[in-house]
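Engineer: Here you go, one structure.
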Amino acid sequence: MSNGHPKKAPDRNYCSHCGSCRDRYLSPATAANVLDMSEEAVRGMIKRREIPFIKLGRRVRIAYADLQAQLVRYPAKHEVSLASDMNHSYHTEQELPA
31 MSNGHPKKAP DRNYCSHCGS CRDRYLSPAT AANVLDMSEE AVRGMIKRRE
81 IPFIKLGRRV RIAYADLQAQ LVRYPAKHEV SLASDMNHSY HTEQELPA
């Protein structure tokens, strides 16, 4: 039964089952673990406004999606796959004299 209002499209930021927020917000310490950096480095990025953040009272939180964007923004200079390292060490061991 319609109440005369158009049906609102579901908001993608909230769970359709429980209504909780899908966005994950992390503390600077947790963000530092995700980025494999020190907490001081993350706090410096926040202070220099290099990464978006929100404040909840005195607490600072960083959206997980913003951390992912940060990783894309600064990709690794040299990416080495584990498989290529393993193949290299395997061939090196075979070439050694017995």
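Add 30 to a position in the sequence shown, counting from 1, and you land on the number used in the numbering used here.
All residues carry an ideal CB built from backbone N, CA and C; glycine is no exception.
Predicted model only: the values in this text are computed from it and were never measured.
Taking only the alpha-carbon atoms, compute the straight-line gap between Y94 and K77 and give it to the nearest angstrom.
Structural biologist: Within the sequence shown, the letter at position 64 stands for residue 94. Within the sequence shown, the letter at position 47 stands for residue 77. Taken atom to atom, the span from the alpha-carbon of Y94 to that of K77 is near 18 Å.
Engineer: What first and last residue would you give for the beta strand (DSSP E) that runs through I81?
Structural biologist: Here the question's residue 81 lines up with position 51 in the sequence shown. From DSSP, I81 is part of no beta strand (DSSP E); its letter is neither H nor E.
Engineer: Drop a sphere of 10 angstroms on the beta-carbon of L101, count the other beta-carbons inside from all chains shown, and report buried for 16 or more, exposed for fewer.
Structural biologist: Taking the sequence shown and counting its residues from 1, one reaches residue 101 at position 71. Looking at its Cβ environment, which holds fewer than 16 other Cβ atoms inside 10 Å, L101 is exposed.
Engineer: Please state whether the Cβ-Cβ distance between S68 and A59 is less than 7 Å.
Structural biologist: In the sequence shown, residue 68 corresponds to position 38, counting from 1. In the sequence shown, residue 59 corresponds to position 29, counting from 1. Result no, Cβ atoms of S68 and A59 do not sit closer than 7 Å.
Engineer: So which of E80, R103, L65 and R91 has the shortest CA-CA distance to S57?
Structural biologist: As a working mapping, residue 57 is identified with position 27 in the sequence shown. For the residues E80, R103, L65 and R91, the minimum Cα distance to S57 belongs to R91.
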